[in-house]
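**Student:** Just passing along the structure, written as structure tokens.
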Amino acid sequence: MREALLALFLSSAEPLSRERLAGIFADDPEYAGWQAALEILLATGEGPMQLVAVAGGYRLQIHPRHHALLARLHVEAPRPLSKAVLETLAIIAYQQPVTRPEIEHWRGVSVGASIMQQLQELGWIAVVGHRESPGRPALWATTSEFMQHFALTSLEDLPVAMTGK
1 MREALLALFL
11 SSAEPLSRER
21 LAGIFADDPE
31 YAGWQAALEI
41 LLATGEGPMQ
51 LVAVAGGYRL
61 QIHPRHHALL
71 ARLHVEAPRP
81 LSKAVLETLA
91 IIAYQQPVTR
101 PEIEHWRGVS
111 VGASIMQQLQ
121 ELGWIAVVGH
131 RESPGRPALW
141 ATTSEFMQHF
151 ALTSLEDLPV
161 AMTGK
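Just so you know, UniProt numbering puts 61 at position 61 of the sequence shown, and the rest follows in order with no gaps.
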């Protein structure tokens, strides 16, 4: 059963929810113990891999203890995000759904199109609707890719903002 779960997680491009797993196993008596096996995988890990809960499902990932070694394998450095991009992403994550004028109000400066484009290309933000006000501005929110990238199960997992008090 453990191997069947690992095979599913390794071959899936997205996290698998319990509901999705239940549909896959569909009351097949051969896979009756899949829920217990899932709990064991969540509790113990699997060698260099660990099963983690993200974005309403589960995914296999390399255990953090191996990150330094893997950094040597992946020589190409990731493109660093500018302060402006990180500020914009934080505002969207904490205030969502939020319009671009609201983001600009929170930042105190205008938000360049390239910032929003970069966050969209990363798949971390998307338009989720339009505000019922003049001009019907787009409402921006984070995506499941954002949740997966930052290993969040829900928005409540975001760090509590420091106020300096």
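Beta carbons are placed, not taken as given, at the ideal position from N, Cα and C, and that holds for glycine.
Let me confirm a value: P80 is counted as buried when at least 16 other C-beta atoms fall within 10 Å, else exposed. Which label applies?
**Tutor:** In the sequence shown, counting from the first residue as 1, residue 80 sits at position 80. Sixteen is the threshold: since fewer than 16 other Cβ atoms of the shown chains lie within 10 Å of the Cβ of P80, the residue is exposed.
**Student:** Could you check the C-alpha separation between Q148 and P134 for me, to the nearest Å?
**Tutor:** The residue labelled residue 148 in the question sits at position 148 within the sequence shown. The residue labelled residue 134 in the question sits at position 134 within the sequence shown. Q148 and P134 have their C-alpha atoms roughly 34 angstroms apart.
**Student:** Checking the sheet assignment: what are the DSSP bridge partners for W140?
**Tutor:** In the sequence shown, residue 140 corresponds to position 140, counting from 1. In DSSP, W140 forms a bridge with V98 and V127.
**Student:** Would you list the residues sitting across from residue 167 in a DSSP beta bridge?
**Tutor:** Given that the chain is displayed from residue 1 to residue 165, the structure contains no residue 167 and the question cannot be resolved.
**Student:** Hey, quick one: how far does the beta strand (DSSP E) through L51 stretch, first residue to last?
**Tutor:** If you number the sequence shown from 1, residue 51 lands on position 51. Start and end: M49 to V54.
**Student:** Decide yes or no for the touch test of the region 3 to 22 against the region 50 to 61: beta carbon pairs closer than 8 angstroms, at least 3 of them.
**Tutor:** yes
**Student:** Using a Cβ distance threshold of 8 angstroms, determine whether the region 127 to 141 contacts the region 85 to 101, with at least three qualifying pairs required.
**Tutor:** yes
**Student:** Can you give me the C-alpha to C-alpha distance between W106 and S12, rounded to a whole angstrom?
**Tutor:** Working through the sequence shown from its first residue, we reach residue 106 at position 106. Working through the sequence shown from its first residue, we reach residue 12 at position 12. C-alpha separation (whole angstroms): 38 angstroms.
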